[in-house]
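*Asks:* Take a look at the following structure, please.
Numbering (mature numbering (1 follows the signal peptide of the UniProt record, and there is no 0)), first residue to last: -22 to -1, 1 to 185.
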């Protein structure tokens, strides 16, 4: 952090030296907001999705094989009504076998073969007894669209049926559908057992 600030100051000084009329000072503003509310997310089954063993012979050679959906329950409990969103992070970034905002990696085979991907779908969210719908933002909450998928580099919140904007919630319960797929086996080395190794972190972001 200090290195970054020093580089900034050096740039400003050099720029100022080339123009005698330039101002000799510049303002820097740091802004934020400390919220009195706190939210805690939890997942059923400890967040563990067990797909089990799959025979390589049951997988398709030239297209993705869609596996059975897996279901978790996502609960977010806040101290009070809070504007918040869920931000997913792919802990296996770079290993998804499709280039898609909604695809999260399942790990690599032999260090470079992408095993597949999984999607996460926020389904039937209920906040404080009211049925709501999922919405996503790709610009930090400036704009929103109705979308059920959790997306990389985006956040997901909930809205009512009349507006596409987050609503404050204190208790949110939703189904989190995990939809895994295995890449075409023509590009995979499956002569030995290969672990399906997907991992993602869901973080509450305050809006």
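Built from N, CA and C at the ideal position, the CB exists for glycine as well.
Values in this document were obtained by computation on a predicted structure and should not be read as measured data.
Which of helix, strand or coil does DSSP assign to residue 68?
*Replies:* Correct three-state label for residue 68: strand.
*Asks:* Could you tell me which whole alpha helix (DSSP H) segments of length 4 or greater appear in the stretch 84 to 120?
*Replies:* DSSP runs (the alpha helix (DSSP H)) wholly in the stretch 84 to 120: none.
*Asks:* In this structure, does DSSP put residue 30 in helix, strand or coil?
*Replies:* Coil at residue 30, not helix or strand.
*Asks:* I need the straight-line Cα distance from residue 65 to residue 2, nearest angstrom please.
*Replies:* Approximately 41 Å between the Cα atoms of the pair.
*Asks:* Using CA coordinates, which residue listed in 51, 84 and 56 is at the minimum distance from residue 172?
*Replies:* Among 51, 84 and 56, the Cα nearest to that of residue 172 is on 84.
*Asks:* Tell me the residue span of the beta strand (DSSP E) that contains residue 134.
*Replies:* Per DSSP, residue 134 belongs to the beta strand (DSSP E) from 133 to 137.
*Asks:* Just list the alpha helix (DSSP H) runs in the stretch 139 to 179, keeping only unbroken ones of 4 residues or longer that don't cross its boundaries, in chain order.
*Replies:* Whole alpha helix (DSSP H) segments, 4+ residues: zero.
*Asks:* Whose C-beta lies closer than 7 Å to the C-beta of residue 71 among residues of the same chain, with five residues either side of it excluded?
*Replies:* Counting only Cβ-Cβ distances below 7 Å, and skipping sequence neighbours, we find 83.
*Asks:* Using 8 Å as the threshold, is the stretch 127 to 140 in touch with the stretch 28 to 42, meaning 3 or more CB pairs across them?
*Replies:* No: the two stretches stay apart, fewer than three of their Cβ pairs being nearer than 8 Å.
*Asks:* Please confirm whether any heavy atom of the ligand MN lies closer than 7 Å to the CB of residue 184.
*Replies:* Judged by which ligands are present, the structure shown has none, so any question about the ligand MN falls away.
*Asks:* Which value, in whole angstroms, describes the spacing of the CA atoms of residue 76 and residue 105?
*Replies:* Cα-Cα distance, rounded: 33 Å.
*Asks:* Please say whether residue 160 and residue 27 have beta carbons closer to each other than 8 Å?
*Replies:* Not in contact: residue 27 and residue 160 (Cβ atoms no closer than 8 Å).
*Asks:* Beta-carbon within less than 8 Å of residue -16's beta-carbon, same chain only, minus the 5 sequence neighbours each way: which residues are those?
*Replies:* Bear in mind that the predicted position of residue -16 carries a pLDDT of just 40, short of 50, making it too unreliable to give a figure here.
*Asks:* With DSSP run on the structure shown, which of helix, strand or coil describes residue 57?
*Replies:* Reduced to three states, the DSSP call for residue 57 is strand.
*Asks:* Is the distance from the Cβ of residue 144 to the Cβ of residue 185 below 8 Å?
*Replies:* Yes, the Cβ-Cβ distance between residue 144 and residue 185 is below 8 Å.
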